[in-house]
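This report refers to the structure that appears directly beneath it.
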Amino acid sequence: MASESRTQSMPDALQMRWWLAAAALGLGLVILGVAYYPTFASMVAIWQRSDTFAHGFLIVPIVLFLLYLKRDEVRHLAPEPTWWAMVPLLGLSLVWVAGELVDVISVRQFAAVLMIPALFWLVLGSAITWRLQFPLAYLLFAVPFGEFMVEPMMIWTADFTVAAVQWSGIPIYRDGLNFELPTGRWSVVEACSGVRYLMASVAVGTLYAFLIYRSPWRRVAFVGVAILVPIVANWMRAYGIVMIGHLSDMRLAAGVDHLVYGWVFFGVIIFLMFLIGAIWREDHLDDQTQRKPARPAARTHPAIRRFVTAAVFAGALASAAPLYAAWMNQRDLGPVTGLGEGPLAPDGWHAAEEQDLAWTPGYRFARDGRGGLVQPEGGNDPVGAHVLFYRGQARHGSMVGWANTLAGRDRAEDWSQTRRGRTAFDEFPDAQRFLLEGPGQQQLVVWRWYWVDGRLTTSPHEVKAREALNRLLGQRDDAALIVLYAPYGFDPDPAEERLRDYAEAVLPDVLDRLAEVNQR
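Heads up, the sequence shown is in our numbering, so the first residue is 1002 and it goes up one at a time.
Encoded structure:
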């Protein structure tokens, strides 16, 4: 009789654990939502304004549906708080703080979203969270990430289109992302990059692979196909649009209709991808995941204490990170002094008499800066430099960010920039090279470095990483932009030779001056 009574009481104890776990999990999610509301709101704002990430609105409903499908697989397992989950929660909190201190929105968004699976692990335990790993991982598609792919995908699209048109026997002239056929001119713009097709294909393809296949290798293979197909399809789409426009003497596919054509083409390609992928479907097979027996839950009060403790710890960590970041951002890191004024003229150079070149880097928020044109002794051709110093970037504005480019995003005049590779120095790190074109047919060769932690770099990611580490350790986030430039006519190579001579003369002085400012 005792054995029978214990058997009948087990479902009640298990149900009690699930109610406790649900309450603790719900409380933790509410605390995360409140503590990181600005971060989650920033994601929704991007979904609203960007067609590329509009699929983000569907991610949470899809995750809830996937969790519902997993209910029978986990309902017989007993939730059990896992204290090891505090480690990733703490780590993600620090990552979020770092992203907040250096204003990297994607870092904050990834950290906040990944806290949700960590919270599930903390409250429900390893056995249950392991079975929910795909739905929880699918939340990452809610993060609007991938804009960095726009520029390379524009270049790839232009490369393929021009090559395919040439293979078709049609003469074509290319200038960067612009090209001209005998019948008209074309440009590869951001909407032509195919990033929005790629994002949609990967998100839908990953879900399709999970639902249709059971083999991990088939799932991985199909996701790989979902990445490759939209890229190649976008190349074919661009080529098709150009050919339709050319063959119709620019009467077709030259306006809004080519956007409609692009989406129809993409839809057909994706449908065929799914149709072919269904040939190897395995959704008729049952998952072979073995269900572990429910753990005994004879005593209720200790379980209550564990779930309450888990919720309290999660809430404390979630609340501490924004509070610490807000306190750090309010700190005054001091004024910037000692950079000096006017052109940078090392030995053998002097300030140019005419300082009328109408260009400055399109970088905002600098705390101090100097620059201008110089000439070599006995020479007439000018070169120039601009040094901009940043400190307290959370309060005053960041050096590395979307708003800051050499050409400038908010200028009244029309400047454009294109990359030209890198320099090659023996003594100094390579610089990024650009060609700029502006009003009045002005043309400039520009070399750019970033300075952070006493060293030169061209990587914005390294700049942000070093700034984040310094801020987390309670130090300053000092950084500087170093730009050398020279005007040119038809050939930029002579201007680059002048820049090399000037760089070798001026960079040691600039680095010493920046180190002095950093110590003040």
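Even for Gly, the Cβ is constructed at its ideal location relative to N, Cα and C.
By the 10 Å Cβ neighbour count, where 16 or more other Cβ atoms means buried, how is residue i classified, buried or exposed?
i, result
"Arg1018", "buried"
"Phe1272", "exposed"
"Val1035", "exposed"
"Thr1338", "exposed"
"Ala1298", "Below a pLDDT of 50, predicted positions are generally treated as unreliable, and Ala1298, at 43, falls in that range; no measurement from the model is reported."
"Arg1472", "buried"
"Pro1344", "buried"
"Ser1169", "exposed"
"His1462", "exposed"
"Gly1455", "exposed"
"Thr1162", "buried"
"Gly1385", "buried"
"Arg1109", "buried"
"Thr1310", "exposed"
"Asp1494", "exposed"
"Asp1510", "exposed"
"Ala1425", "exposed"
"Thr1301", "Here Thr1301 scores only 45 on pLDDT, less than 50, and its place in the model should not be relied on; the value that follows carries that caveat. Looking at its Cβ environment, which holds fewer than 16 other Cβ atoms inside 10 Å, Thr1301 is exposed."
"Gly989", "It is not possible to answer for residue 989, since the shown part of the chain is limited to 1002 through 1521."
Compare the beta carbon distance of residue i and residue j with 8 Å and say whether it is the shorter of the two.
i, j, result
"Phe1491", "Leu1457", "no"
"Leu1115", "Leu1093", "yes"
"Trp1450", "Leu1437", "no"
"Pro1089", "Ala1138", "no"
"Arg1423", "Arg1434", "yes"
"Leu1512", "Pro1362", "no"
"Trp1350", "Pro1383", "no"
"Pro1136", "Met1044", "no"
"Ala1204", "His1387", "no"
"Ala1319", "Ile1129", "no"
"Tyr1198", "Pro1231", "yes"
"Ala1312", "Leu1028", "yes"
"Gly1524", "Met1154", "Because the chain here runs from 1002 to 1521, residue 1524 falls outside it and cannot be looked at."
"Ala1480", "Glu1498", "no"
"Glu1283", "Ser1188", "no"
"Val1166", "Val1243", "yes"
"Asp1160", "Gln1394", "no"
"Leu1068", "Leu1133", "yes"
Return the residue from the list the options that minimises the CA-CA distance to residue i.
i, options, result
"Asp1431", "Arg1501, His1462 and Tyr1489", "Arg1501"
"Arg1392", "Asp1333, Val1446, Ala1425 and Asp1348", "Asp1333"
"Ser1249", "Leu1482, Ile1156, Tyr1364 and Leu1182", "Leu1182"
"Ala1164", "Met1237, Leu1102 and Ser1216", "Met1237"
"Glu1354", "Asn1381, Gly1370 and Leu1340", "Asn1381"
"Val1518", "Phe1390, Glu1463 and Leu1059", "Phe1390"
"Ala1113", "Val1205, Phe1121, Trp1097 and Trp1084", "Trp1097"
"Pro1440", "Trp1448, Ala1408, Glu1463 and Leu1470", "Ala1408"
"Ala1014", "Leu1070, Arg1076 and Leu1067", "Arg1076"
"Pro1062", "Arg1132, Thr1053, Phe1111 and Phe1142", "Phe1142"
"Ile1270", "Val1233, Gly1246, Tyr1240 and Glu1283", "Val1233"
"Gly1372", "Phe1111, Ala1317, Tyr1325 and Pro1347", "Pro1347"
"Glu1191", "Phe1211, Ala1279 and Glu1148", "Glu1148"
"Trp1157", "Gly1126, Cys1193, Ile1171 and Arg1186", "Cys1193"
"Ile1171", "Leu1340, Arg1220 and His1247", "His1247"
"Phe1041", "Leu1026, Phe1058, Gly1185 and Asp1052", "Phe1058"
"Met1200", "Gly1126, Val1224 and Leu1474", "Val1224"
"Leu1078", "Trp1084, Arg1050 and Ala1022", "Ala1022"
"Trp1448", "Gln1394, Ala1404 and Glu1505", "Glu1505"
"Ile1305", "Gln1442, Asn1235, Pro1082 and Leu1485", "Pro1082"
"Tyr1489", "Arg1521, Leu1133, Leu1474 and Gln1442", "Gln1442"
"Ala1315", "Arg1477, Val1124 and Arg1365", "Val1124"
"Gly1335", "Asn1235, Arg1521 and Phe1054", "Arg1521"
"Tyr1364", "Val1375, Met1400 and Gly1206", "Met1400"
"Ile1245", "Leu1070, Leu1212, Gly1398 and Thr1184", "Thr1184"
In the DSSP assignment, find the alpha helix (DSSP H) that holds residue i and state where it starts and stops.
i, result
"Ser1127", "Ser1127 to Arg1132"
"His1351", "From DSSP, His1351 is part of no alpha helix (DSSP H) but of the beta strand (DSSP E) over Trp1350 to Ala1352."
"Asn1235", "Pro1217 to Leu1248"
"Thr1361", "Careful: Thr1361 lies outside any alpha helix (DSSP H) and carries neither H nor E."
"Ser1202", "Val1196 to Ile1213"
"Leu1437", "Per DSSP, Leu1437 belongs to no alpha helix (DSSP H); it is in the beta strand (DSSP E), Gln1433 to Gly1439."
"Asn968", "A question about residue 968 goes unanswered here, because the residues of the chain that appear run from 1002 up to 1521."
"Arg1186", "That residue, Arg1186, is in no alpha helix (DSSP H); its beta strand (DSSP E) goes Gly1185 to Ser1188."
"Val1511", "Asp1494 to Gln1520"
Need the endpoints of the beta strand (DSSP E) that residue i sits in, please.
i, result
"Ile1483", "Ala1480 to Pro1488"
"Pro1377", "Asp1369 to Pro1377"
"Gln1418", "Ser1417 to Arg1423"
"Thr1338", "Unbroken run through Thr1338: none, as it is neither H nor E."
"Arg1076", "Note, Arg1076: premise wrong, no beta strand (DSSP E); not H, not E."
"His1387", "Val1384 to Tyr1391"
"Asn1381", "Run containing Asn1381: none; DSSP gives neither H nor E here."
Just checking residue i against the ligand ZN - is the residue's beta carbon closer than 7 Å to any of the ligand's heavy atoms?
i, result
"Ile1242", "The ligand ZN is not among the ligands present in this structure, which contains no ligands whatsoever."
Contained alpha helix (DSSP H) runs [length at least 4] in the segment 1092–1169, N- to C-terminal order: 1106–1125, 1127–1132, 1134–1139 and 1151–1168
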